[in-house]
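Under our numbering, think of the first position of the sequence shown as 148, with each following residue one higher. The C-beta atom is built at its ideal place from N, Cα and C for all residues, glycine as well.
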Amino acid sequence: GVYQAVPPVPIGPTQGGAPTGWVSASKRVNPLRAVTHRGHYTDRPTVYLQCVDERLSKLLGVRVRDEQNRYWPTTRETQGSPDGIIPFMLDISAGVTNVTPEIVLLKPLEAEFTVRTPAAAPR
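Next comes the structure, spelled out in structure tokens:
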């Protein structure tokens with residue numbers, strides 16, 4: 148994907164839709180070819196990452212650190228990641244003005260459970 152501050156076709160959120168999400172619009176450039184432009188909308192500050200490896204992209208996370216070395220979480224967009232572009236919306240206090248994003252590679256969760264059940268009573 149290529150970032151464009153002003154896409155050549157109008158793109159915006161739908162009325163009454165989700166507070167964040169992806170939208171798209173297509174424009175026919177000749178009888179055999181159409182160009183699709185995708186956009187992401189949100190009312191929150193957002194960090195965008197691009198990862199073309201789908202397996203790896205599921206393990207990516209972002210946290211931000213403020214000037215007082217406090218860490219703040221981000222919320223990953225739940226509506227997918229077209230072209231491998233993953234939005235992470237910031238969840239920070241209103242007074243925080245400068246942050247440093249940090250990419251986190253999350254380890255897959257592994258758990259082992261042992262379940263003990265009482266022996267069945269003879270019939």
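### Task
On the DSSP bridge assignment, give the partners of Arg175 in chain order.
BP columns for Arg175 point to Ala181.
### Task
Please confirm whether Asp238 and Trp219 have their CB atoms less than 8 Å apart.
The Cβ atoms of Asp238 and Trp219 lie closer than 8 Å to each other.
### Query
Pro142 and Arg185: beta carbons closer than 8 Å?
Not covered by the structure: residue 142. The range shown for the chain is 148 to 270.
### Task
Just list the beta strand (DSSP E) runs in the region 208 to 250, keeping only unbroken ones of 3 residues or longer that don't cross its boundaries, in chain order.
Taking 3 residues as the shortest admissible run, the region 208 to 250 contains the following complete beta strand (DSSP E) segments, listed from N- to C-terminal end: 218 to 223 and 232 to 237.
### Rounded separation between Thr183 and Thr167 - CA only
So the two alpha carbons sit approximately 20 Å from each other.
### Query
Straight-line CA distance for Lys205 to Thr221?
Lys205 and Thr221 have their C-alpha atoms spaced approximately 15 Å apart.
### Query
Can you tell me whether DSSP reads Leu253 as helix, strand or coil?
Coil.
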